[in-house]
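Undergrad:
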Amino acid sequence: MSGLGRVVAFNWPRYAAGLLATGLGALVPLPRPARFPARAGALLAAGWIASSLAATWWVYDRSGLYTWRWLTDLLPTEPRAYAVVSTGLDEISPTLATRYPHATATVLDLYHPAIMREGSIRRARALVPPPPGTRPAHLTDLPVPTGSLDAVFVVFAAHELREAGQRAALFGELARILRPGGRLLLVEHCRDLPNVAAFGPGAWHFYPRREWHRVATGAGLAPAGGATLTPLVRAMVYQR
């Protein structure tokens, strides 16, 4: 399934609701005073649906994001031991296992239905089960020895922690399990102008870049570079 197809499958109720609202606003007879704002709202909603689908297709199917060629610049030294941390959907650990065949990999899934309450995560897990060998984990107690990892990958996952305390707790654990000099690679959409333009109100599901800087530095991690992978996706590197 394509990247766009997966995103639509995970989030189809939102798209269906948006299309329904667009249709009602455009087609239902209304009194003249309400007609213009209803039609304008329907047009705006249709535009955001179209732009979000186009942006999703471009990012996940056309941009080369998942080629991982950009990774060499951010992690120039191949890790000997690393972890992948997901919050219900892991699409990267098989690729990293191929890229780093001699490294020891730990794959952790933080999914808990009381924390990740959105239906999209439940649908994602039903369609894309965790890879074999994935270990369940809690964000406050990762089952990894202190100071044992050269790198931790958190890709399109941390934003699913909707409470500031949850994000702070996770980053504290990520700092704990990294060795001195080890690196955290965080990949996220950020709540910024390009993402708001592409996803409309959906961009509020993301967090501003300053929030990731806040929780990382609060955990004792230092900024160590980054890259704009596409205008809609940012890689941020922090070092212990």
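For the sequence shown, this note's numbering gives the first residue as 77, with consecutive numbering after it.
Positions of the beta carbon are idealized from the N, C-alpha and C atoms, including for glycine.
1) Identify the continuous alpha helix (DSSP H) that holds Ala173 and give its terminal residues.
2) What alpha helix (DSSP H) runs, 4 residues minimum, are completely inside the region 165 to 250?
3) Measure the CB-CB distance between Trp144 and Arg175 and report whether it falls below 8 Å.
4) Compare the C-alpha of Thr293 against each of Met312, Pro277, Phe275, Pro270 and name the closest.
5) Quick check on Pro277: does DSSP put it in helix, strand or coil?
6) Would you mind reading off the limits of the alpha helix (DSSP H) that contains Arg316?
7) What's the gap between the Cα of Pro155 and the Cα of Val183?
8) Identify the residues that DSSP records as bridge partners of Tyr283: which are they?
9) Enumerate in chain order the residues of its own chain whose CB-to-CB distance from Tyr158 is below 8 Å, with the five nearest sequence positions on each side excluded.
10) Can you tell me which of Pro212, Gly302, Trp134 puts its alpha carbon nearest to the alpha carbon of Pro152?
11) Alpha carbons only, please: which of Pro270, Ala234, Ile168, Pro299 is nearest the one belonging to Arg259?
12) Per DSSP, Val160 forms a beta bridge with which residues?
13) Return the CA-CA distance between Leu80 and Ser196, expressed in angstroms with no decimal places.
14) Rank Tyr314, Gly223, Glu236 by C-alpha distance to the C-alpha of Glu194 and give the top, closest one.
15) In the DSSP assignment, the alpha helix (DSSP H) including Thr148 goes from what residue to what residue?
16) When you compare each of Val161, Ser78, Asn87, Asp149 to Gly209 by their alpha carbons, which one comes out closest?
17) What did DSSP end up calling Thr306 once you bin it into helix, strand or coil?
18) According to the Cβ coordinates, are Ala274 and Ala131 closer than 8 Å?
19) Evaluate the contact criterion for the region 204 to 224 versus the region 268 to 286: three or more CB pairs, one atom per stretch, below 8 Å.
20) Check whether the Cβ atoms of Ala244 and Leu262 lie closer than 8 Å to each other.
21) Please classify Glu264 as buried or exposed, where buried requires at least 16 neighbouring CB atoms within 10 angstroms.
TA: Reading it off the structure:
1) 169 to 175
2) 169 to 175, 195 to 203
3) yes
4) Met312
5) helix
6) Where Arg316 is concerned, there is no enclosing alpha helix (DSSP H), given that its DSSP letter is neither H nor E.
7) 15 Å
8) Cys266
9) Leu172, Tyr176, Ala179, Thr180, Ala181, Thr182, Leu225, Asp226, Ala227, Val228, Phe229
10) Gly302
11) Pro299
12) DSSP output for Val160 lists Val183, Phe229 as bridge partner(s).
13) Put simply, the backbone Cα of Leu80 is about 14 Å away from that of Ser196.
14) Glu236
15) 147 to 150
16) Val161
17) strand
18) In this structure, Ala131 lies closer than 8 Å to Ala274 by Cβ.
19) no
20) no
21) Glu264 should be labelled buried.
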